[in-house]
Amino acid sequence: MNERKRQVLRTAQRIFIDKGFTATSVQDILNEAKISKGTFYNYFSSKNECLLAILEQARIETYLKRQELLIGQDPRNKEILTQQIVLRLHMNREQNLLPIYEAVYHSGEEDLKQFVKKILYDEFSWLAERIVDVYGKSAKPYALDCAMMLLGMLHHTLHSWSTISSKEPDATQLLNFLLRRMDSILPDMIRSSDAFFDVHLFKTFRNDHSQNTITKDLLAKDLLGFRDRLELEEQPAGKQYVQFLLEEIQSNSPRFFVLESIARSFRESYVGTSHEAEARELASKVWRFSGTYK
């Protein structure tokens, strides 16, 4: 995605928040972004697709930052899990995404609603896997139940808080409280073999909502394309990271812990540049590649 297209997305997001998705027309976006209708439709087939691209960018950024929190950390550490969950709450608030999600639910647009459902399903699946990381393999048959209960308690508590207080709740403190409740709930479920969702449903759930696999060849192609678009004098450190990534990916036995560490350094080297968003997308692909094959 080129920088101009990203600028259009940022403009569209601002208008969607200010006017509401339904009330916003493509012409509103054209006027504010100062682009022609042809340019807009070269980027997006519709207003809906433009909105989906905004939500997809937020999803990628959340995924990437969550993965980076695990670098050099014990996946069993509950503090890391707390940080990962809180990260999405902060992201939603910083990017003002909640009004957009609400607009989607009330839009009547089936493609938008299905996409938001997929984001929710991805969140359940991710959290279920992290619950197994934290509580051990014995938690696996109950992980999907616990993921849904934990997110349900979190969002209902936040909603209830907003009705009785004008202050922002301490999300980290709340998550720590809820995880202490999970410390009691999950062992009891294991002892009594009491699960609401069948473990086979969890497997089906994951398969139905998994992302397309990132292959070695596709990732190398994307990295080469990024490198070729860079100006000769631009970000020498960043270009070195690209080369490191390419060499590691194309080796017979990629060292995934090395890939993950370099991916973060690569992304950080382009922060504040016109290539920041694309570097973030590539780093996300490196993590997905690593997660698929390690």
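For the sequence shown, this note's numbering assigns the number 55 to the initial residue and increments by one for each residue that follows.
Just so you know, even glycine gets a beta-carbon here, dropped at the ideal spot from N, CA and C.
Bear in mind that the values here come from a model prediction, so they are computed numbers and not experimental data.
Would you call the CB atoms of residue i and residue j closer than 8 Å?
i	j	result
Leu299	Leu313	yes
Ser338	Tyr175	no
Leu123	Gln138	yes
Leu135	Val188	yes
Arg113	Ile173	yes
Arg318	Ile125	yes
Trp341	Gln121	yes
Leu208	Met236	no
Using the Cα positions of residue i and residue j, report the straight-line distance between them to the nearest angstrom.
i	j	result
Glu183	Pro195	11 Å
Gly92	Leu232	50 Å
Ser216	Gln67	25 Å
Ile69	Phe75	8 Å
Asp271	Ser307	14 Å
Arg234	Ala193	15 Å
Lys119	Ala333	13 Å
Ile218	Tyr97	44 Å
Leu63	Glu156	19 Å
Ser238	Ile244	11 Å
Could you give the first and the last residue of the continuous alpha helix (DSSP H) run that contains residue i?
i	result
Asn85	Val80 to Ala87
Glu242	The sequence shown places Asp at residue 242, rather than the Glu named in the question. Residues Ala225 to Ser246.
Ile108	Lys101 to Leu123
Val325	Segment: none, Val325 is in no alpha helix (DSSP H) and carries neither H nor E.
Arg147	Lys132 to Glu148
Ser179	Glu164 to Tyr189
Arg58	Glu57 to Lys73
Lys91	Lys91 to Tyr97
His160	Per DSSP, His160 belongs to no alpha helix (DSSP H) and is neither H nor E.
Considering only residues of the same chain and omitting the five flanking positions on each side of residue i, which have a CB-CB separation below 6 Å?
i	result
Lys101	Val80
Trp180	none
Phe343	Ile268 and Leu273
Glu330	Tyr324
In chain order, what residues of the same chain have a beta carbon less than 7 Å from the beta carbon of residue i, not counting five sequence neighbours either side?
i	result
Lys293	Arg281 and Leu284
Ala225	Val140 and Leu143
Ile185	Ala193, Ala197, Cys200 and Ala201
Grab me the residues of residue i's own chain with a C-beta within less than 8 Å of its C-beta, minus the 5 sequence neighbours each way, in chain order.
i	result
Ser90	Leu84
Asp276	Leu336 and Lys339
Asp165	Asn102 and Leu106
Lys73	Asp82
Would you mind working out which of the options sits nearest residue i, comparing C-alpha positions?
i	options	result
Glu177	Ser219, Glu163, Asp165 and Asp199	Asp199
Ser323	Arg309, Lys88 and Val296	Val296
Leu105	Tyr159, Ser328 and Met207	Tyr159
Gly206	Ile108, Leu229 and Lys191	Leu229
Indicate whether at least one CB of chain D lies closer than 8 Å to the CB of residue i.
i	result
Ile173	Of the chains in the structure shown, none is chain D; there is only one protein chain.
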